[in-house]
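Chains as they are written, first to last, in this note's numbering: chain S, 1 to 209; chain D, 1 to 209. Glycine is no exception: its CB is placed at the ideal position from the N, C-alpha and C atoms.
There are 2 protein chains.
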Amino acid sequence: MNLIDNLKWRYATKKFDPSKKVSDKDIETLKEAVRLSVSSYGLQLYKVLIIKNTEIKRELKKASWDQSQITDASHLFVFCNYTMNFDYHIDNYIQLIAEAQGIGTDALRNYSETIKSSIEKKDQIGKKSWAEKQTYLALSNLLAACAELKIDACPMEGFDNQSYNQILGLDELGLNAAVIAPVGYRSAEDSTQYRKKIRKPVSKLFQTI
Amino acid sequence: MNLIDNLKWRYATKKFDPSKKVSDKDIETLKEAVRLSVSSYGLQLYKVLIIKNTEIKRELKKASWDQSQITDASHLFVFCNYTMNFDYHIDNYIQLIAEAQGIGTDALRNYSETIKSSIEKKDQIGKKSWAEKQTYLALSNLLAACAELKIDACPMEGFDNQSYNQILGLDELGLNAAVIAPVGYRSAEDSTQYRKKIRKPVSKLFQTI
């Protein structure tokens with residue numbers, strides 16, 4: 001199976017080769033894989049920033065416990081969930097559906113209200129967690145797509161998301177940096193690439209009932 | 001690209017054909033794709049229940065707003081995050097690493113302490129959200145693997161997770177049903193399979209900096 005072979009190939013890259021850049025064509029492919037991610041109701045309540053700018057990467061590195069992947073990797077993907085104005089985003093989504101189906105948004109009013117009231121029922125903490133979770137689905141597709149293209153990546157939660165929000169001006173946009181992934185090409189010197197992949201055995205991870 | 005073709009093929013299946021069952025061989029492949037998922041520190045702080053039992057599926061359907069996918073699908077994957085005893089799970093993980101690397105766990109004591117203290121810093125709500133997020137990475141791999149095998153699936157948050165925890169006896173095991181996915185084969189009558197996939201345009205979803 002392609003996916004399994006690719007997942008076995010990949011690893012959380014600790015040291016990237018700063019001289020190797022991911023091509024624009026491959027970046028477009030990665031974006032398409034992320035774009036096709038599933039999300040709650042299909043809302044995709046997030047935005048993905050792709051950082052190439054050297055100066056900004058240097059700033060972000062300081063907000064990432066100085067981990068070298070941030071500056072050495074070719075591109076840094078920052079998955080940012082929306083933190084507010086959910087009704088506005090739902091209206092935009094309903095508009096997308098209406099256009100695709102060639103109908104008016106009026107015909108989707110009940111559906112729109114169902115989504116809005118379902119989200120409204122969550123408390124602030126529940127909304128935050130729910131919105132952040134959706135970015136993990138997108139991150140996972142990015143990693144699988146990278147592996148298929150033999151591009152290296154390192155999914156990371158180890159960064160100061162408030163500093164990220166400040167550096168990238170996310171607060172003003174109603175966005176929050178939820179999870180990140182530098183992508184690029186591994187350095188030959190990265191010894192972690194030779195380590196055995198550690199995963200729970202099937203018997204511990206699954207139970208059939 | 002295989003992944004993109006597969007992601008385009010899949011859709012959130014609303015009506016499964018109850019007569020079609022996923023083979024044991026394919027279930028093992030799906031499990032392997034889930035098992036290879038990335039997770040925070042590699043801890044895989046979750047267990048995946050695979051429900052085949054008709055009676056239990058009937059009970060769970062009642063706790064899922066009576067959605068027919070729960071009983072009509074061949075297998076129901078329930079992704080359950082651990083809710084307690086994180087130190088115990090971290091110790092088990094360290095044991096796995098030590099065995100793979102042929103070293104004693106003493107050599108990994110600092111690493112173990114780093115993970116434990118990093119998780120201990122999160123408050124209760126932060127721990128819950130963090131543990132649940134990891135299951136979304138596993139769910140995403142399940143969906144990609146299903147699509148490669150042309151098995152249908154429906155990722156679902158629409159269920160009463162407290163009822164799930166009760167029916168499946170999860171509370172006693174320190175587990176919580178975070179997200180679910182029935183898998184099987186679409187019914188020819190499922191009209192949603194013909195709908196255009198709705199996703200945000202690249203220009204709205206991404207920003208390169």
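Does DSSP put Ile56(S) in a helix, a strand or coil? helix
Nearest-angstrom Cβ-Cβ length linking Lys8(D) and Lys197(D), presumed shorter than 8 Å: 7 Å
What residues from chain C crowd round Lys8(D), counting only those whose CB sits closer than 8 Å? No chain C is present in this structure, whose protein chains are S and D.
Taking the alpha-carbon of Pro18(S) as reference, which of Thr71(S), Gln134(S), Lys133(S) and Ile94(S) has the nearest alpha-carbon? Closest by alpha carbon: Thr71(S).
Please list, in chain order, all residues of the same chain as Val179(S) whose beta carbon is under 8 Å from its beta carbon, the five residues on each side excluded. Phe79, Glu132, Thr135, Tyr136, Leu139, Pro155, Met156 and Glu157
Arg35(S) - DSSP class collapsed to helix/strand/coil: helix
For Met1(D), which residues in chain S fall below 9 Å Cβ to Cβ? Thr29, Glu32, Ala33, Ala145, Glu148 and Leu149
Taking just the CA atoms, how far does Ile151(D) sit from Leu3(S)? 14 Å
So if I threshold CB-CB distances at 7 Å, which residues from the region 164-190 of chain D count as touching chain S? none
Hey, is Val48(S)'s beta-carbon within less than 8 Å of any beta-carbon in chain D? yes
Any chance you could list the alpha helix (DSSP H) runs of at least 4 consecutive residues sitting entirely within the region 57-107 of chain S, in chain order? DSSP runs (the alpha helix (DSSP H)) wholly in the region 57-107 of chain S: 69-72 and 86-101.
Cutting at 6 Å between CB atoms, please list the residues of its own chain near Cys146(S), excluding the five before and the five after it. Excluding residues within five positions, the ones whose Cβ falls inside 6 Å are Ala153 and Val183.
Do you know whose CA, among Ile115(D), Lys121(D), Lys21(D) and Ser118(D), lies nearest Leu76(D)'s CA? Lys21(D)
By the three-class DSSP mapping on this structure, what secondary structure does Tyr185(D) have? coil
When Asn81(S), Ile209(S) and Pro201(S) are compared against Tyr93(D), the one with the closest alpha-carbon: Selected option, being the one with the closest Cα: Pro201(S).
How far does the alpha helix (DSSP H) with Met143(S) in it extend, from its first residue to its last? For the record, residue 143(S) in the displayed sequence is Leu; it is not Met. Gln124 to Glu148 is the extent of the alpha helix (DSSP H) around Leu143(S).
On the DSSP bridge assignment, give the partners of Tyr46(D) in chain order. Asn81(D)
Does chain S have any CB closer than 8 Å to the CB of Gly42(D)? yes
Among Gly126(D), Glu59(D) and Ser39(D), which has the Cα closest to the Cα of Gly169(D)? Glu59(D)
Selection of the region 104-136 of chain D by Cβ proximity to chain S, strictly under 7 Å: Ile125, Ser129, Glu132, Lys133 and Tyr136
Quick one: list the residues of chain D neighbouring Lys196(S), beta-carbon separation under 8 Å, in chain order. Ala100 and Gln101
Applying the 10 Å Cβ sphere with the 16-neighbour rule, what's the burial state of Lys25(D)? The residue is exposed, with fewer than 16 neighbouring Cβ atoms inside 10 Å.
DSSP three-state label for Ser179(S), please. Checking the sequence shown, residue 179(S) turns out to be Val, not Ser. Three-state result, Val179(S): strand.
Residues in the region 16-27 of chain S with C-beta within 9 Å of chain D's C-beta atoms, listed in sequence order? Ile27
How about Thr208(D): is its C-beta nearer than 8 Å to some C-beta of chain S? Cβ-Cβ to chain S under 8 Å: yes for Thr208(D).
Using a Cβ cut-off of 8 Å (strictly closer), state whether Asn141(S) contacts chain D. yes
Contact set between Ala73(D) and chain S, taken where Cβ atoms lie within less than 7 Å: Here the premise fails: no neighbours, minimum Cβ distance about 14 Å.
Listing by chain order, which chain D residues have their CB less than 7 Å from the CB of Glu157(S)? Ser40
Compare the beta carbon distance of Thr192(S) and Tyr41(S) with 8 Å and say whether it is the shorter of the two. Against a cut-off of 8 Å, the Cβ pair of Tyr41(S) and Thr192(S) comes out as no contact.
Do we get a CB-CB distance below 8 Å when we pair Ile90(D) with the residues of chain S? no
Burial state of Ile209(D), where buried means 16 or more other Cβ atoms lie within 10 Å: exposed
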